[in-house]
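Going by the working numbering, the first residue of the sequence shown is number 49, and it counts up by one from there. In this text, a Cβ means the ideal position worked out from N, Cα and C, and glycines have one as well. Before any comments, here is the structure.
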Amino acid sequence: MIIPFTEKLADAFYAPLCLRLKNYHRQTSSTLAYYIETICHPKGIKAWINDGLKARSFVAMGKPYRLHR
């Protein structure tokens, strides 16, 4: 039985972790994989990702790895 998903504050907290697990192709249980896909699907998360990809300014101290691109 699939329980309808409603977004909670904790889901926003775990969204970055879910994105890392998804993008690093980490093996997870089927329950966690379903949760990750559910978290990564909402419009808000997609907008957040798209905004991050468009970002051209950054603080060098916080992201030193971007200095050598």
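Start and end residues, alpha helix (DSSP H) containing residue i
i, result
"residue 64", "57 to 71"
"residue 103", "Taken as a continuous stretch (DSSP letters only), residue 103 belongs to no alpha helix (DSSP H), as it is neither H nor E."
"residue 77", "No alpha helix (DSSP H) contains residue 77, which DSSP labels as neither H nor E."
Cβ-Cβ separation, residue j to residue i (assumed contact under 8 Å), whole Å
i, j, result
"residue 87", "residue 59", "6 Å"
Rounded C-alpha distance that separates residue i from residue j
i, j, result
"residue 84", "residue 67", "7 Å"
"residue 69", "residue 104", "25 Å"
"residue 94", "residue 62", "15 Å"
"residue 99", "residue 77", "30 Å"
"residue 80", "residue 57", "18 Å"
"residue 65", "residue 74", "11 Å"
"residue 71", "residue 91", "18 Å"
"residue 82", "residue 102", "28 Å"
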